[in-house]
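K.L.:
Attaching a single structure in structure tokens format; questions to follow.
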Amino acid sequence: MVKSYLYVINMQATKIAVCFLFLLVITGCQTGSKSTNLPVKINKNKFEFKLYRVIKGDTFYSLSKRFHTSIHVILLDNNLRTSKPLEIGQKLFIRSKISVNSQVKRKSFYTFKRSQKVIHKPQPKTYKAKSRIKNSTVIVKGNPPYMLIPRGTGYTKPMSGKIIKRYSNYDGGRPLFGVNIRSYKSQSVKSIHNGVVVFKAENFANFGRCILVAHSKKENCFYYGLNKVSLNVGDVINKGYSLGKIRKNDILGLKILRNDYFVNPQKVIPRL
3 MVKSYLYVIN MQATKIAVCF LFLLVITGCQ TGSKSTNLPV KINKNKFEFK LYRVIKGDTF
63 YSLSKRFHTS IHVILLDNNL RTSKPLEIGQ KLFIRSKISV NSQVKRKSFY TFKRSQKVIH
123 KPQPKTYKAK SRIKNSTVIV KGNPPYMLIP RGTGYTKPMS GKIIKRYSNY DGGRPLFGVN
183 IRSYKSQSVK SIHNGVVVFK AENFANFGRC ILVAHSKKEN CFYYGLNKVS LNVGDVINKG
243 YSLGKIRKND ILGLKILRND YFVNPQKVIP RL
């Protein structure tokens with residue numbers, strides 16, 4: 003189970019890192035999209051379905067991404083000929099064997115076969131992940147790589163030093179969306195919060211040695227400019243745990259992505 007968990011993390015890591023590099027936020031299709039041609043018909047008896055009730059903000063695009071399927075398949079399974087705007091409360095059939103979010107607890111979410119009524123609701127599976135912290139085993143629930151990270155007591159500074167470039171929309175014509183901190187001594191770079199390592203690289207683009215830590219499903223922190231990275235993808239860490247080393251007078255870059263938007267680290271981390 004741990005091996006499969008790490009495999010999913012590796013598959014998702016590159017996608018998360020590219021988001022930081024190109025500063026793109028991918029949004030769902032808006033209602034009223036153009037007509038879509040349907041694929042060849044599929045035998046529905048071979049699949050198990052879930053009944054999903056549309057809520058505010060849902061689009062065919064967002065549903066296809068959430069349930070790891072395609073707009074064409076959703077249209078086909080629901081006998082829809084065009085991707086007309088969704089209506090709140092509208093019922094859709096979703097193939098449960100494709101969905102990775104089938105364990106979301108929601109009153110409008112039920113499991114059944116096409117000709118059968120639901121008799122139970124799915125419950126989150128439990129995964130056991132090994133931690134690099136001595137004498138510590140972390141039990142997490144949910145779908146990897148987005149696990150329920152153990153709760154902490156706030157954020158901590160990654161290291162001591164002086165901020166030489168503050169958060170701004172532009173830095174000499176280029177987006178910065180983070181802070182640069184100069185280290186005045188050789189020291190460890192610490193995790194600002196509990197999390198799991200989802201990406202690391204020795205020489206990634208112009209960032210050099212870097213590491214990406216997911217603090218929750220909707221928050222990631224990108225550290226770059228390190229002299230040494232001491233963790234591996236899949237490691238579960240606590241707040242203040244060492245991510246690696248930085249040399250004297252080197253510069254640490256720090257970016258925080260929350261809910262698909264970059265935020266100012268100085269507004270997140272006290273006394274940064």
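Everything in the sequence shown is counted per this note's numbering, starting at 3 for the first residue and increasing by one. Cβ coordinates follow ideal geometry from the N, Cα and C atoms, glycine included. These figures come from a predicted structure and were not determined experimentally.
(1) Which residue from S218, N208, G255 puts its Cα closest to that of N240?
(2) Please give the ranges of any beta strand (DSSP E) in the segment 160-247, keeping only runs that are unbroken, at least 3 residues long and fully inside the region.
(3) Hey, would you say G180 sits closer than 8 Å to K257, going by beta carbons?
(4) Let me know if K220 comes out buried or exposed under the rule of 16 or more other beta-carbons within 10 Å of its beta-carbon.
(5) Measuring only the C-alpha atoms, how far is E89 from F69?
(6) Whose CA, out of F95, N266, E50, lies closest to the CA of L65?
(7) Here's the rule I'm using: 16 or more other beta-carbon atoms within 10 Å means buried, otherwise exposed. How should A207 be labelled?
(8) Quick one: is N261 buried, meaning 16 or more other Cβ sit within 10 Å of its Cβ, or exposed?
(9) Among G236, K192, V200, I248, which one has its Cα closest to the Cα of G210?
(10) Candidates S232, Y263, K187: which alpha carbon is nearest M161's?
(11) Just the Cα atoms here: how many angstroms apart are L214 and Y225?
(12) State the DSSP-derived secondary structure class of Y263, mapped to helix, strand or coil.
(13) Beta-carbon separation of Y243 and S170 under 8 Å?
(14) Taking only the alpha-carbon atoms, compute the straight-line gap between N251 and G236 and give it to the nearest angstrom.
(15) Looking at the strands, I want to know which residues DSSP matches up with I253.
(16) Cβ atoms of G197 and A216: under 8 Å apart, would you say?
(17) Start and end of the beta strand (DSSP E) containing R97?
(18) Have a look at N205 and I76 and give me their C-alpha separation to the nearest angstrom.
(19) Run through DSSP, which three-state label would L53 get?
(20) Can you grab the Cα-Cα spacing for the pair K230 / R184, in whole Å?
(21) Just verifying my parser: in three-state terms, what is the DSSP assignment at I258?
(22) Comparing alpha-carbon positions, which option in S190, K52, L53, Y157 lies nearest L228?
(23) Check each candidate in L259, H195, I73, V238 and name the one with the smallest Cα separation from N222.
(24) State the Cα-Cα distance for the pair Q118 and D79, rounded to the nearest angstrom.
(25) Using C-beta distances below 7 Å, list every residue in its chain close to G91, excluding the 5 sequence neighbours before and after it, in chain order.
(26) For N234, does the count of other Cβ atoms within 10 angstroms reach 16, so buried, or fall short, so exposed?
(27) Could you tell me which of V238, R168, I165 sits nearest to V200, measuring between CA atoms?
(28) Mark I73 as exposed unless 16 or more other C-beta atoms lie within 10 angstroms of its C-beta, in which case mark it buried.
P.N.:
Walking through what the data contain:
(1) The count along the sequence shown starts at 1 and reaches residue 240 at position 238. Of the candidates S218, N208, G255, the one whose C-alpha sits nearest the C-alpha of N240 is S218.
(2) 164-167, 181-184, 189-192, 197-206, 210-218, 221-228
(3) By 1-based counting over the sequence shown, the position of residue 180 is 178. By 1-based counting over the sequence shown, the position of residue 257 is 255. Yes. Within cutoff.
(4) Locating residue 220 in the sequence shown gives position 218, counting from the first residue. Classification for K220: exposed.
(5) For the purposes of this step, residue 89 is taken as the residue at position 87 of the sequence shown. For the purposes of this step, residue 69 is taken as the residue at position 67 of the sequence shown. Looking at the two C-alpha atoms, the distance is approximately 19 Å.
(6) Residue mapping note: residue 65 aligns to position 63 of the sequence shown, counting from 1. Among F95, N266, E50, the Cα nearest to that of L65 is on F95.
(7) Within the sequence shown, numbered from 1, the residue matching residue 207 stands at position 205. By the 10 Å Cβ count, A207 comes out exposed.
(8) Locating residue 261 in the sequence shown gives position 259, counting from the first residue. Result: exposed.
(9) In the sequence shown, the residue the question calls residue 210 occupies position 208. It is I248.
(10) Sequence index remark: in the sequence shown, residue 161 carries index 159 (1-based). The shortest Cα separation from M161 among S232, Y263, K187 belongs to K187.
(11) On the sequence shown, residue 214 is found 212 positions in, with the first residue counted as 1. On the sequence shown, residue 225 is found 223 positions in, with the first residue counted as 1. C-alpha separation (whole angstroms): 6 Å.
(12) To locate residue 263, count along the sequence shown from 1; it is residue 261. It is a strand residue.
(13) The residue given as residue 243 occupies position 241 in the sequence shown. The residue given as residue 170 occupies position 168 in the sequence shown. No, the pair does not count as a contact, with Cβ atoms beyond the cut-off.
(14) Translated into positions along the sequence shown, residue 251 becomes position 249. Translated into positions along the sequence shown, residue 236 becomes position 234. Going by the C-alpha atoms only, they are around 30 Å apart.
(15) Mapped onto the sequence shown, residue 253 falls at position 251. Partner(s): R184.
(16) Numbered from 1 along the sequence shown, position 214 holds the residue referred to as residue 216. Numbered from 1 along the sequence shown, position 195 holds the residue referred to as residue 197. A contact, by the Cβ cut-off of 8 Å.
(17) Here residue 97 refers to the residue found at position 95 when the sequence shown is read from its first residue. Per DSSP, R97 belongs to the beta strand (DSSP E) from 93-97.
(18) What you label residue 205 is simply residue 203 of the sequence shown in a count that begins at 1. What you label residue 76 is simply residue 74 of the sequence shown in a count that begins at 1. Those two C-alpha atoms are separated by around 41 Å.
(19) Mapped onto the sequence shown, residue 53 falls at position 51. Residue state, collapsed to three classes: strand.
(20) The residue labelled residue 230 in the question sits at position 228 within the sequence shown. The residue labelled residue 184 in the question sits at position 182 within the sequence shown. If I take the Cα positions, the gap works out to 16 Å.
(21) Residue mapping note: residue 258 aligns to position 256 of the sequence shown, counting from 1. If DSSP states are grouped into helix, strand and coil, I258 belongs with the strands.
(22) Counting from 1 along the sequence shown, the entry for residue 228 is found at position 226. Taking only the C-alpha atoms, the option nearest L228 is S190.
(23) Working through the sequence shown from its first residue, we reach residue 222 at position 220. The candidate whose alpha carbon is nearest that of N222 is L259.
(24) Your numbering for residue 118 matches position 116 in the sequence shown. Your numbering for residue 79 matches position 77 in the sequence shown. Low per-residue confidence applies at Q118: pLDDT is 47, beneath 50, and the placement is therefore not dependable enough to give any value.
(25) Here residue 91 refers to the residue found at position 89 when the sequence shown is read from its first residue. The residues are R55, V56.
(26) Here residue 234 corresponds to residue number 232 of the sequence shown, with the count starting at 1. Looking at its Cβ environment, which holds fewer than 16 other Cβ atoms inside 10 Å, N234 is exposed.
(27) Numbered from 1 along the sequence shown, position 198 holds the residue referred to as residue 200. The shortest C-alpha separation from V200 is found at V238.
(28) Numbered from its first residue, the sequence shown carries residue 73 at position 71. Buried, since its Cβ has 16 or more Cβ neighbours within 10 Å.
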